[in-house]
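Trainee:
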Amino acid sequence: MTIATKVSSTGTIFGSVGNIQIAEQLSKLGFEIDRKTIVVKDAVKEVGSYKALVKLHKEVSVEVAFEVVAE
Numbered sequence: 017m018t019i020a021t022k023v024s025s026t027g028t029i030f031g032s033v034g035n036i037q038i039a040e041q042l043s044k045l046g047f048e049i050d051r052k053t054i055v056v057k058d059a060v061k062e063v064g065s066y067k068a069l070v071k072l073h074k075e076v077s078v079e080v081a082f083e084v085v086a087e
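Listed below in structure tokens is the structure:
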């Protein structure tokens, strides 16, 4: 999954990418996931590849890989 956002010339994101942006991108792909169930360990503030954890149920979690690219 790819998330495009505005970045500086050094590759730093203006703001950060979090569970809201991940939920929006998953929705565009046809997956309706509540943003509160998405966990990102560290703040995503640079272009690159990351992973988030989606807690679908108390005992069921899925790791979702995503890449942040310049818009």
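One point on numbering: in the working numbering, the residue at position 24 of the sequence shown is 40, and numbering is uninterrupted.
Glycine included, C-beta positions come from ideal geometry on N, C-alpha and C.
This one's a predicted model, so the numbers in the text were calculated from it and none came from an experiment.
Would you give the residue range spanned by the alpha helix (DSSP H) that Leu45 belongs to?
Mentor: In the sequence shown, the residue the question calls residue 45 occupies position 29. Neither: Leu45 is in no alpha helix (DSSP H) and is coded neither H nor E.
Trainee: Out of Lys61, Phe30, Lys74, Gln41, which one is the CA nearest neighbour of Val80?
Mentor: Numbered from 1 along the sequence shown, position 64 holds the residue referred to as residue 80. Looking at the Cα atoms, Gln41 is the closest of the given residues.
Trainee: Can you tell me where the beta strand (DSSP E) with Gly64 in it begins and where it stops?
Mentor: Translated into positions along the sequence shown, residue 64 becomes position 48. 64-73 is the extent of the beta strand (DSSP E) around Gly64.
Trainee: Please work out which residues of its chain come closer than 7 Å, Cβ to Cβ, to Glu62, disregarding the five sequence neighbours upstream and downstream, and give them in chain order.
Mentor: Here residue 62 corresponds to residue number 46 of the sequence shown, with the count starting at 1. The residues are Gly27, Thr28, Ile29.
Trainee: Which residue or residues does DSSP assign as beta-bridge partners of Phe82?
Mentor: As a working note, residue 82 is residue 66 in the sequence shown. Phe82 is bridged to Tyr66.
Trainee: Which value, in whole angstroms, describes the spacing of the CA atoms of Ile49 and Lys74?
Mentor: In the sequence shown, the residue the question calls residue 49 occupies position 33. In the sequence shown, the residue the question calls residue 74 occupies position 58. The straight-line gap from Cα to Cα measures roughly 15 Å.
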